[in-house]
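Worksheet: the structure to be examined is printed underneath.
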Amino acid sequence: MTLGLLDGRPLPRTALDSRLAALRSGPRSTALPQPGSSEDRQLVRWVAQVLLTEALCETVAAERGLTVDSVGPARLDQQAAVELGSITAAAYEGSAAVRAVYESVTAEVEPAPADLAHYRTLTARPPATRWHLALPDGCLEADPDTLPTALAEALRAAAPGEWVTVGPWQAALLATLTIPRNPDPAPVLREAARRAEFVRWLDCERARRLTLVEGLEHPGDPAQPDNHHRH
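Each residue of the sequence shown is one higher than the last, beginning at 1038 in the working numbering.
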């Protein structure tokens, strides 16, 4: 049987059967749906689309002359996986060719200036204050709000470096430090923009170049009609 068509070229079903067998004999097999159930049929189609995505990107990588690393699987964080979608995320994690194509397709993507400004507006926080303190047994940095109130007030009133004693506490304020709390949003927004661009590109390429065979839920059944569905 055929898994699907890539540019009209048939892709054998054997890859799907092998991937499903590995899943069903793997450590997470107990979490998989019961064979033959409607959920299992959905799993088969999902795995098939992952494999077609991998095959498409392998072809594109060859067309673009991309170097495909032989390193093992990658791991996406939850936000990235959600933004890519489950099929693309699974293909990205499992296929070096998908990752290579991702880098090629999104290499020039940058966040829009308006998006950067909006993000800064939403996430702006005042700088944090830290005190560099001398104590009888050494020095430390501390948030003044975490100190005993009476000690913090005495240190504010004292000259820099002047020792103060309040109850059991003795300290000197050596310096006041200002710690920025607004990191550059460009790297975060660039990765989000890259993922969005890759999803758009991949959707277009899937629709243009891939065809998924219907009836995949029944491996090796010669009675299955040879119908195709465009994805």
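Ideal placement from N, C-alpha and C gives every residue a C-beta, glycine not left out. None of the values given here were measured: they were computed from a predicted structure.
| Item | Value |
| --- | --- |
| Check whether the Cβ atoms of L1188 and A1208 sit closer than 8 Å, and answer yes or no. | yes |
| Taking only the alpha-carbon atoms, compute the straight-line gap between H1266 and T1248 and give it to the nearest angstrom. | Only weak support exists for where H1266 lies, its pLDDT of 42 falling under 50; the coordinates are left without a value. |
| Measure from the alpha carbon of W1083 to the alpha carbon of each residue in E1095, T1096, L1069, C1094, then state which is nearest. | L1069 |
| Terminal residues of the continuous alpha helix (DSSP H) containing P1224? | 1223 to 1246 |
| Among the candidates I1124, A1098, A1195, R1112, whose CA atom is the shortest distance from the CA of L1088? | I1124 |
| So if DSSP puts Q1207 in a beta bridge, which residue, or which two residues, is it bridged to? | T1202 |
| Unbroken alpha helix (DSSP H) runs of length 4 or more, entirely within the segment 1130 to 1193: which are they? | 1133 to 1142, 1150 to 1160 |
| Tell me whether the segment 1104 to 1113 and the segment 1151 to 1161 touch, counting them as touching only if at least three CB pairs, one residue from each stretch, are closer than 8 Å. | no |
| Sorted by chain position, which residues of the same chain lie with C-beta nearer than 6 Å to V1203's C-beta, five sequence neighbours on each side aside? | A1187, L1188, A1191 |
| Measure the CB-CB distance between A1118 and A1126 and report whether it falls below 8 Å. | yes |
| Let me check understanding here. Comparing Cα to Cα, which of P1185, A1223, Q1086 lies closest to L1043? | Q1086 |
| Just checking my contact of E1003 with A1229 at CB under 8 Å: how many whole Å lie between their CB atoms? | The question about residue 1003 has no answer, for the chain in this structure spans 1038 to 1268. |
| Are there three or more Cβ pairs, one per stretch, closer than 8 Å when the segment 1131 to 1147 is compared with the segment 1220 to 1238? | yes |
| Nearest by alpha-carbon distance to A1052: which of P1072, S1075, V1081 is it? | V1081 |
| Do the CB positions of V1108 and A1098 come within less than 8 Å of each other? | no |
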